[in-house]
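Below: one structure, written as structure tokens.
In this note's numbering, the protein residues as written are 2 to 294.
Pasting the structure below:
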């Protein structure tokens, strides 16, 4: 088993008597059944349905002060705290950016010997393992308790990319991507049966009409790695944009209809003049179309 402290992650705490209902009315995931030791994946959207910040969220046990802890991109943690503060109005809620005091340890490649406090299985994909919220100075101690070798965060990045899980700022642009484009619907990040939240109307429309045409897909690199942001061509037609790469694997944001047509015609995929290929053609499949009862 491996573990890595992730320096790009921060932690925001939302506490107070109204914290659960407050968050549940804002974010894409259903928090009504969230408990200590469990995690959810979700996002805060714009009213137009685009992702401002995505995060993993768990409930802190009473011994750690209760409330909810959001494992979010470090660069966006303060902005997330400010935005939540803007929304709270008269709700009995407190919002704190704890990033200077607590961070995120990821562990994967086996089952932990123990489940520490403030830990939960990553809800996006079983391959991603566990998240443990700890101060950086305790990372080695916690890794030892888990029975894991502490490795560099680059090892986790390579594992994330191989697992096909996008990362905001590298594989999509915050403020410019819908949840379906980043596969949040496939990674258990959107609950389509919960009540209202910011941006819900747009996201529900995309889901029910089956109109998602842009998706994050896994690609295999045939040689050197293209630069993130490089245009992907099918023959001479642009079909998408490269995201993060590591160890022969990569992620790409593509127009699924265009790339499917091009591949059916036998076109070669390139990015920055370098050959790539899809890791799994089923990644292009459309979401099942739903009807409103």
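The beta carbon of each residue, even a glycine, is placed where N, CA and C say it ideally should be.
query: Alpha-carbon to alpha-carbon, residue 168 and residue 257; result: 19 Å
query: Among 68, 95, 19 and 215, the one whose alpha carbon lies nearest that of residue 239; result: 215
query: Top-ranked residue by Cα proximity to residue 275, from 261, 267 and 251; result: 251
query: Simplified DSSP state of residue 229, which is helix, strand or coil; result: coil
query: Rounded Cβ spacing between residue 253 and residue 218 (contact assumed at less than 8 Å); result: 6 Å
query: Span separating the alpha-carbon of residue 185 from that of residue 43; result: 8 Å
query: C-alpha distance - residue 211 paired with residue 183, whole-angstrom precision; result: 15 Å
query: Residues bridged to residue 238 (per DSSP); result: 235
query: Closest residue to residue 245 among 234, 236 and 227 (Cα-Cα distance); result: 227
query: Opposing strand residues paired with residue 33 [DSSP bridges]; result: According to DSSP, which records beta bridges pairwise, residue 33 is partnered with nothing at all.
query: 7 Å Cβ cutoff met for residue 176 and residue 121; result: no
query: Segment contact flag, the stretch 63 to 81 with the stretch 194 to 214, C-beta cutoff 8 Å, min 3 pairs; result: no
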